[in-house]
Every structure is written in C-alpha cells, then in structure tokens.
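Numbering (this note's numbering), first residue to last: 2 to 135.
Spelled out as structure tokens, the structure:
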C-alpha cells in the first residue's frame with residue numbers, strides 16, 4: 002500500500018519500516034519475497050529502491066495472501082498439516098473440514114480485490130499514506 006501511494010517514486014525498506022514503526026527486518030523480508038514473486042521491483046544503488054512492478058489493478062490481494070500463507074507452511078491447526086499432524090481426534094473430528102472451508106472462503110473473498118480496490122487509489126487514503134513518509 003505504501004508503494005502504491007507513492008507511485009512513481011522509489012522507496013526503501015528502511016523508509017517504509019520507519020514510516021509505520023514496523024521492524025526493518027520484517028519489511029525487508031516481505032519486500033524480498035514480493036520481489037521474487039514479481040509484485041515489486043528492487044533496484045540497488047544510489048538512485049535505487051522499491052517500486053511496484055505491476056499496475057495496482059493487476060495485483061490481486063487474495064493471490065498474494067494465499068501464496069504467502071503457502072510459503073509460510075503454517076496451517077491454522079496441527080491437523081491441517083500435510084502429514085496429518087498429531088491430533089488423535091482427526092479421524093472423527095469435523096473441525097478440520099470446517100476450518101478448510103472457512104480458509105478457502107477467506108481466500109476466495111480476498112481474491113475479489115486488487116491493490117487498487119482496497120483504497121490505494123482513494124485520495125483520502127493516499128494522503129494518509131503519504132503523510133507517513135520517512
């Protein structure tokens with residue numbers, strides 16, 4: 002959202018972290034991942050920085066969240082692990098299926114939205130985001 006609000010400008014992970022009081026290491030790791038996925042570009046050097054690699058209306062929120070969750074490999078509960086986890090109730094418990102359906106619905110709803118849809122092209126949100134520059 003920060004890069005979308007500052008379109009046409011390059012920023013650094015340090016600037017974003019400082020602007021929102023977020024851990025630099027967290028922002029740097031997220032930026033690195035988003036770069037590998039092709040959502041942002043990262044250029045080194047004096048005039049380098051981070052910027053969006055795609056138009057805002059082509060960056061799907063659900064796709065990003067689904068990819069990030071998949072990469073993290075941490076399921077909602079142990080029984081949803083690929084190996085089945087250690088839960089002794091799994092064979093008779095309906096929670097696993099209910100949580101899987103809820104998680105799928107969560108991703109489906111987020112997939113209806115792009116970066117542009119969540120307000121980054123809203124003048125009010127853009128002003129708020131730009132007021133937090135480092």
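We put the beta carbon where it would ideally sit given N, CA and C, even for glycine.
For clarity, every value in this text was computed on a predicted model and none was experimentally measured.
Rounded to the nearest angstrom, what separates residue 73 and residue 84 at their Cα positions?
Mapped onto the chain shown, residue 73 falls at position 72. Mapped onto the chain shown, residue 84 falls at position 83. For residue 73 and residue 84, the distance between alpha carbons rounds to 16 Å.
With a cut-off of 8 Å, does the C-beta of residue 84 fall near any C-beta of chain B?
In the structure shown, chain B does not exist; there is a single protein chain.
Would you mind reading off the limits of the alpha helix (DSSP H) that contains residue 62?
Along the chain shown, read from residue 1 onward, the residue named residue 62 stands at position 61. Residues 62-73.
Are the Cβ atoms of residue 17 and residue 40 separated by less than 8 Å?
Within the chain shown, residue 17 is the residue found at index 16, counting from 1. Within the chain shown, residue 40 is the residue found at index 39, counting from 1. Contact: no.
Three or more beta-carbon pairs under 8 Å between the region 100-110 and the region 56-71, yes or no?
yes
Look up residue 53 in the DSSP assignment and give the residues it is bridged to.
Here residue 53 is taken as the residue at index 52 of the chain shown, counted from 1. Looking at the DSSP assignment, residue 53 forms a beta bridge with 41.
Are the beta-carbon atoms of residue 1 and residue 81 separated by less than 8 Å?
Absent from the structure is residue 1, since the part of the chain shown begins at 2 and ends at 135.
Below 7 Å CB to CB, which residues in the same chain sit around residue 25 once its five sequence neighbours on both sides are set aside?
Counting from one through the chain shown, the residue named residue 25 turns up at place 24. For residue 25, where only same-chain residues beyond five positions count, the Cβ hits under 7 Å are 14, 15, 18.
Close beta carbons around residue 135, own chain, < 6 Å, minus the five adjacent residues each side:
Residue 135 sits at position 134 when you count from the first residue of the chain shown. Confidence in residue 135 is poor, its pLDDT being 46 and thus under 50, which makes the residue's placement unreliable; the coordinate value appears in the next sentence. These residues qualify, in order along the chain: 16, 19, 20.
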